[in-house]
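Peer 1: Below you will find the structure I want to go over with you.
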Amino acid sequence: MKERIERSREQRQERPEERLERAVRAAEQALIEFEIAVETFRVEVENFSRLHHQKLGPMYARLDELEALIAEATAERTGDPEDRSRADEARARVLPMPGVEELFHGWMDGDGLFPEAVAMLTDQQVRPPQRVRPSEEARKLYRELARKAHPDLAQDEKERERRDEFISRVNAAYARGDEPLLRELAEEWAAGPVPPEREPSPSEELYARLDWLAQRKELLTAVARELEEGAIGSMLRMAPDDPDKLLDEIAEQLLAQVAEREAELERITAG
C-alpha cells in the first residue's frame, strides 16, 4: 500500500512533457514492431508468389491452352458465330509461347540442358523449386536488427541516413534468407557508434511526432491489408505453417482439371 502511494505521488510530480515523451517512445516501439511484422509478411508473400509461379504457372498455362483448344474445336464443329467469338476470346487469354531461352531460363548452360530440364521433358522426377523463405534464426536476427537500427530512432539527419543505409542492407539480406550475412550485419551494428541518449523534446515536437507516427501506422495498415487480401496473401494465410503442402494440394487439383479438359477435348475432336 505504501509503495502504491509513493508511485502515485511520483506520477503526480511527473511533468506533462515527461508523460508525453513516454507516450511517444511507446508509440515508436509499437510502430517498429508493426513494421517488422508487415515486412516479414511481405517477404513471405513475395517468396511464396515466386514458388507459386514456378510450380503452378505451367499448369495454369496448360489449362488456358486447353480451354482455347476446346472452344476452337467447338466453334469448328458448330460454325456458330457466338462460339467463334468465345473461341477468339479464349485464345486471346492464352499467353504467347516463350522463346527457348525464356522457357528454359535456369535450366540450361553452355553445354545444353541441365539434368532437371531433361527430367522435365522426359516425364521423370523433377527437382522441386528452391525454397526461398527465411529461416527462424534469420527472422530472429532481422527482428533484432530492425529494433536496434530502425531509422525512426535517429536523433539527427546524419544518424537517420546511416540507419537508412544499414536497414536497406538488412532488408535485402532478409529477403534472400541470407542468415550468415545477417549475423555479419549484427556484428557490424554492435561495433558501430552508439547513438546519443534521447533528450527531452519540446511538447510541440512531441505532438508532431505522435501525429507522424499515427499517419505512418495508417499507411502500414493499408499495406498490410493489401498483402492479406491479395490472392497470394490469402493463400499463404490458409497454411502459414506449411505453405509447401498447400502448393502440392493446388497442384493436384490443377492436374485433375487438366486431365478433365484433355478428355473433353478428345471427345470433341473425336466426335
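So the sequence shown is numbered by my numbering: it starts at 6 and just counts up by one. All residues carry an ideal CB built from backbone N, CA and C; glycine is no exception. Just so we're clear, the structure is a prediction, and the values are computed from it rather than from any experiment.
Suppose the cutoff is 6 Å on Cβ atoms and the five residues either side in sequence are ignored; what does the same chain contact list for Glu309 look like?
Peer 2: Any answer about residue 309 is impossible in this case: the structure gives the chain only from 6 up to 276.
Peer 1: Who are the near neighbours of Val228 in its chain, counting only those whose CB is closer than 7 Å to its CB and skipping five residues on each side?
Peer 2: Result list for Val228: Val43, in chain order.
Peer 1: Measure the C-alpha to C-alpha separation of Leu25 and Ile255 and round it to an integer number of angstroms.
Peer 2: Taking the straight line from one Cα to the other gives about 52 Å.
Peer 1: Can you find the residues in the same chain that come closer than 6 Å, C-beta to C-beta, to Ala195, ignoring five residues on each side of it along the sequence?
Peer 2: No residues qualify anywhere along the chain.
Peer 1: Compute the beta-carbon to beta-carbon distance between Ile172 and Pro198, rounded to the nearest angstrom, for a pair I have assumed lies under 8 Å.
Peer 2: Their Cβ separation, rounded to whole angstroms, is 16 Å, which puts Ile172 and Pro198 out of contact at 8 Å.
Peer 1: Pick helix, strand or coil for Gln160, following the three-state DSSP scheme.
Peer 2: Here Gln160 sits in coil by DSSP.
Peer 1: On the three-pair Cβ rule with 8 Å, is the segment 30-50 touching the segment 220-227?
Peer 2: Contact holds: three or more Cβ-Cβ distances are below 8 Å.
Peer 1: Assess contact between the segment 53-67 and the segment 161-169, defined as three or more Cβ pairs (one per stretch) separated by less than 8 Å. Is contact present?
Peer 2: No contact exists between the segment 53-67 and the segment 161-169.
Peer 1: Using the three-state DSSP reduction, which class does Asp246 fall into: helix, strand or coil?
Peer 2: In this structure, Asp246 counts as coil in the three-state DSSP scheme.
Peer 1: Count the other C-beta atoms from every protein chain shown that fall within 10 angstroms of the C-beta of Leu260, then say buried if there are 16 or more, exposed otherwise.
Peer 2: Exposed, because fewer than 16 other Cβ atoms sit within 10 Å of the Cβ of Leu260.
Peer 1: Can you say whether Glu70 is buried or exposed, counting buried as having 16 or more other CB atoms within 10 angstroms of its CB?
Peer 2: The residue in question, Glu70, is buried, as its Cβ has 16 or more Cβ neighbours within 10 Å.
Peer 1: Between the C-alpha atoms of Glu162 and Arg47, what's the straight-line distance to the nearest angstrom?
Peer 2: Taking the straight line joining both Cα atoms gives about 28 Å.
Peer 1: Can you list, in chain order, the residues of its chain whose CB lies under 7 Å from that of Leu190, leaving out five sequence neighbours each side?
Peer 2: Closer than 7 Å at Cβ, skipping near neighbours: Leu150, Arg174, Val175 and Ala178.
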